[in-house]
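Protein chains in written order, with my numbering: chain H, 1 to 425; chain Y, 1 to 412. Since the structure comes first, as structure tokens, the remarks are kept for the end.
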């Protein structure tokens with residue numbers, strides 16, 4: 001038999017794919033990356049309603065609204081809505097962030113347009129049934145209570161709260177009093193003010209026909225009325241102590257420091273620096289905290305970006321007796337990052353980023369989310385091959401120049417466990 | 001998509017689903033060993049060994065292993081279950097050979113004393129971490145309650161005591177007996193060059209000495225039980241239920257998947273409408289888990305402690321009604337379209353196909369394409385679901401309740 005299979009010895013390249021864009025008269029931006037070889041199509045619909053839009057006495061309102069819009073829309077009641085999406089095979093998810101509510105879904109390509117028509121009902125014509133308000137409230141309270149039993153998540157929520165000015169450090173689930181106080185009128189008001197096409201983005205990826213998609217989106221979302229909306233006001237919040245008492249075997253440690261947001265020209269440098277800290281098992285935190293000292297099972301750092309601000313958030317969880325050492329070693333690595341990164345570290349990181357980009361092509365869900373996020377932050381979409389070129393151009397020199405300008409500094413700490421730790425200053 | 005397989009002279013098998021349209025490939029070494037193959041003295045050794053495999057070989061230090069994987073941009077990891085231990089990597093096609101070189105090399109680890117002692121600390125941290133998270137170790141406990149001394153009831157992690165007492169010599173002995181060519185196979189999916197793959201594996205694993213590895217397969221004899229475990233610091237109450245289900249070799253496992261979807265999927269299921277949608281439970285779900293010679297139907301419910309007794313009664317009612325009145329065509333149609341869409345969506349990533357191809361080979365030494373799976377799902381009829389519930393009644397289950405409640409009254 002001839003050995004004719006294409007033996008791939010040449011380096012893989014990111015495919016050249018185009019991203020189509022179309023803006024409706026009401027402001028809604030439609031983006032699509034057609035993928036001829038896919039059998040699926042996925043979408044991410046971002047609506048500009050996040051926890052930063054919650055009134056201060058109604059923390060958790062946007063999250064509750066997100067639950068309520070799924071309880072019936074257009075002609076469908078709650079049960080018909082969920083059932084019809086399931087019959088279409090839509091794998092769906094909803095999430096509320098600081099500035100956005102995202103509705104995402106993936107299904108067989110043939111069912112995409114039918115699914116999108118249902119989502120038009122969900123955002124434009126939700127029934128918001130008053131008799132289901134109590135149920136929605138209880139769902140939201142369950143979420144708040146559930147976090148109490150998840151110490152690592154609770155710690156990271158507390159770290160974010162301590163890192164940012166109000167309202168940027170909020171959690172989507174809010175607090176018990178905010179959820180309990182919310183009325184049907186509050187829900188309706190929040191929906192009218194923030195479920196709006198100006199500022200909304202619909203990203204689609206997969207096996208699609210662009211012209212058909214534009215037509216469907218124009219007909220289903222075209223009547224959506226724009227609303228002018230005020231920006232959330234910033235405020236200092238009361239100073240919180242770093243330690244939170246918690247009964248458990250482990251102590252959970254969080255450290256954050258300021259970074260630059262996605263739209264910053266130096267974002268890639270900032271992101272790469274965090275990658276050296278915590279990307280792959282040869283990264284610094286994994287090597288120093290876990291591999292060399294066996295201090296913990298879980299240690300990581302990631303750059304978390306909002307539109308106008310960003311922070312690096314680090315986490316480590318360890319038994320109480322070793323918590324101080326874990327905190328000190330982790331902190332030490334953040335300080336050491338000021339000295340810069342090595343060429344060899346960058347080389348490994350680039351290899352990881354590149355394979356990550358290429359593998360992202362294989363998921364329509366990942367692509368629909370990525371292009372929508374790009375537009376949200378940049379008001380344009382970078383194709384994967386453009387991103388690939390930017391990664392190729394990254395140099396240790398440019399990362400170190402960034403670190404000289406923005407050395408890890410102004411740290412915020414949070415610890416959760418049986419006893420307080422000594423915070424390095 | 002094309003399935004290929006080969007066997008080396010020492011018995012090591014290689015299987016792959018080759019897809020020329022893929023951009024990457026997933027490759028894994030699947031070892032037929034896990035908690036069920038352990039004894040009391042070495043409880044947790046399979047999982048500890050999985051960590052030690054990354055700690056270096058005669059050719060590589062632990063740092064070399066991590067660095068070499070990162071240098072080829074691999075997305076890699078490993079996991080241990082009750083019956084298998086899997087080491088895998090997703091890479092770009094040009095790194096097929098280096099990824100095989102790495103995986104094959106680490107599958108013959110040095111198991112050095114210093115590394116063993118250091119990694120023991122990490123394992124102890126992992127055990128403590130899970131002890132602080134729901135269901136607070138009760139997932140192990142409920143298996144032991146339900147299946148008694150059956151090997152499948154063993155804990156994957158082990159305990160602080162068993163791990164603390166484990167010696168590196170015990171681990172070496174376990175390794176020798178389990179990681180032999182007849183008990184390991186290589187699976188790959190995606191843009192795989194199969195002819196090269198066979199050569200690459202042969203060059204690195206062809207000299208591995210053949211040896212027989214056996215597994216005890218006692219018939220499971222389950223005995224439903226009920227237990228309340230008090231954990232005052234919990235905010236929520238957690239209720240776990242374990243009932244018998246089809247094993248991985250049973251043809252009716254597809255019916256079990258559909259049945260679990262109708263009754264207990266995260267969304268749109270009977271438990272969802274009864275407990276989650278009204279907000280009286282945080283989560284309520286049913287899943288089917290299949291193993292060699294034994295299957296489990298596993299229920300998970302979490303809610304406020306005050307609502308637990310009532311929710312538990314509702315849960316039992318949902319199951320009793322299903323056993324008595326069965327399901328509707330509409331429910332089956334909905335569950336089927338959901339499960340089929342998941343099969344197709346999942347198949348677009350080589351990494352997902354790797355676990356599918358590897359899992360089928362592990363369990364049944366068979367290859368099943370996406371098309372096979374879809375056709376089988378289409379063939380499941382309503383009567384099959386009803387027969388399934390007769391054979392594996394959900395009302396015959398072991399229950400463990402964990403949380404602040406002193407007692408969960410099992411309402412009649």
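The C-beta atom is built at its ideal place from N, Cα and C for all residues, glycine as well.
**Study point:** Buried versus exposed, by CB contacts within 10 Å (16 or more), residue 70 of chain Y
**Key:** buried
**Study point:** Three-state secondary structure assigned by DSSP to residue 175 of chain Y
**Key:** helix
Check your understanding: Which bits of chain Y does residue 164 of chain H rub up against, with CB to CB less than 9 Å?
Key -> The premise fails here: residue 164 of chain H is roughly 26 Å from chain Y at the closest Cβ pair, so nothing lies under 9 Å.
Review point. Any idea what DSSP makes of residue 212 of chain H, helix, strand or coil?
Key: When DSSP states are grouped into helix, strand and coil, residue 212 of chain H belongs to the helix group.
Review point. Which residues mark the beginning and the end of the alpha helix (DSSP H) in which residue 273 of chain H is found?
Key: 267–278
Review point. Between the Cα of residue 109 of chain Y and the Cα atoms of Y/146, Y/138 and Y/53, which residue gives the shortest distance?
Key: Ranking the options by Cα distance to residue 109 of chain Y, first place goes to Y/53.
Review point. If you measure from the beta carbon of residue 297 of chain H to each beta carbon in chain Y, is any gap under 8 Å?
Key: yes
Point to revise | Selected residue, minimal CA-CA separation from residue 263 of chain Y, among Y/332, Y/67 and Y/51 | key: Of Y/332, Y/67 and Y/51, the residue nearest in Cα terms is Y/332.
Review point. Counting along the chain, where does the beta strand (DSSP E) carrying residue 338 of chain H start and finish?
Key: Note, residue 338 of chain H: premise wrong, no beta strand (DSSP E); not H, not E.
Point to revise | CB contact flag (residue 152 of chain Y, residue 354 of chain Y, <8 Å) | key: No.
Check your understanding: Residue ranges of each alpha helix (DSSP H) run of no fewer than 4 residues wholly in the region 151–206 of chain H, ordered along the chain?
Key -> 151–163, 176–181 and 184–194
Point to revise | Any C-beta of chain Y under 8 Å from that of residue 149 of chain H | key: Closer than 8 Å to the CB of residue 149 of chain H there is at least one CB belonging to chain Y.
Review point. What are the residues of the region 61–87 of chain H that lie near chain Y, defined by any Cβ-Cβ distance shorter than 9 Å?
Key: 67, 71, 78, 79, 82, 83, 85, 86 and 87
Check your understanding: At what residue ranges does the region 88–126 of chain H contain a whole run of the beta strand (DSSP E), taking only runs of 3 or more?
Key -> 91–96 and 101–108
Exercise for review: Along the beta strand (DSSP E) that carries residue 2 of chain Y, what are the first and last residues, could you check?
Suggested key: 2–7
Exercise for review: Tell me residue 33 of chain H's beta-bridge partners as DSSP assigns them.
Suggested key: The bridge partners DSSP lists for residue 33 of chain H are H/205.
Review point. Do you know whose CA, among Y/402, Y/357 and Y/160, lies nearest residue 26 of chain Y's CA?
Key: When each option's Cα is compared against that of residue 26 of chain Y, the closest is Y/357.
Exercise for review: Could you tell me whether the Cβ of residue 93 of chain Y comes closer than 8 Å to any Cβ of chain H?
Suggested key: Taking Cβ atoms only, chain H reaches closer than 8 Å to residue 93 of chain Y, which makes this a yes.
Practice item. To the nearest angstrom, report how far apart residue 98 of chain Y and residue 198 of chain Y are at their CA atoms. Key: 14 Å
Exercise for review: Could you check how far apart the C-beta atoms of residue 203 of chain H and residue 371 of chain H are, in whole angstroms? I think they sit under 8 Å.
Suggested key: 4 Å
Exercise for review: Determine which residues of the region 248–262 of chain H have a Cβ less than 7 Å from any Cβ of chain Y, and write them out in chain order.
Suggested key: The residues in question are 248, 249 and 250.
Exercise for review: Look up residue 348 of chain H in the DSSP assignment and say whether it is helix, strand or coil.
Suggested key: helix
Point to revise | Per-residue burial, residue 121 of chain Y [other beta carbons within 10 Å of its own, 16 or more giving buried] | key: buried
Exercise for review: Taking the CB atoms as reference points, tell me whether residue 147 of chain H and residue 385 of chain H lie closer together than 8 Å.
Suggested key: It is not a contact, given that the beta carbons lie outside the stated cut-off.
Point to revise | CB-CB length for residue 255 of chain H against residue 330 of chain H, believed under 8 Å | key: 6 Å
Check your understanding: Are three or more beta carbon pairs between the region 40–48 of chain H and the region 109–128 of chain H nearer than 8 Å?
Key -> Contact check between the region 40–48 of chain H and the region 109–128 of chain H: three or more CB pairs, one atom from each, fall below 8 Å, which counts as touching.
**Study point:** beta strand (DSSP E) segment containing residue 300 of chain Y, residue limits
**Key:** 294–303
Review point. How big is the Cα-Cα spacing for residue 412 of chain Y and residue 242 of chain Y?
Key: Confidence in residue 412 of chain Y is poor, its pLDDT being 42 and thus under 50, which makes the residue's placement unreliable; the coordinate value appears in the next sentence. The alpha-carbon of residue 412 of chain Y is positioned some 19 Å away from that of residue 242 of chain Y.
**Study point:** the region 82–99 of chain Y contacting the region 18–25 of chain Y, beta-carbon criterion three pairs below 8 Å
**Key:** yes
Practice item. Consult DSSP for residue 387 of chain Y and reduce its assignment to one of helix, strand or coil. Key: For residue 387 of chain Y, the three-state secondary structure derived from DSSP is helix.
Exercise for review: May I have the straight-line CA-CA distance separating residue 193 of chain H from residue 55 of chain H, to the nearest angstrom?
Suggested key: Roughly 12 Å between the two C-alpha positions.
Point to revise | Extent of the continuous alpha helix (DSSP H) run through residue 379 of chain Y | key: 370–379
Exercise for review: Would you mind sorting residue 101 of chain H into buried or exposed? The rule is 16 or more other CB atoms within 10 Å of its CB.
Suggested key: buried
Check your understanding: Mind pulling the chain Y residues with CB within less than 9 Å of residue 48 of chain H?
Key -> Those within 9 Å of residue 48 of chain H in chain Y number zero; the least Cβ separation is about 25 Å.
Check your understanding: If contact means a Cβ-Cβ distance below 7 Å, which residues of the region 222–251 of chain Y contact chain H?
Key -> 233, 234, 235 and 236
**Study point:** CB contact below 8 Å: residue 106 of chain Y versus chain H
**Key:** no
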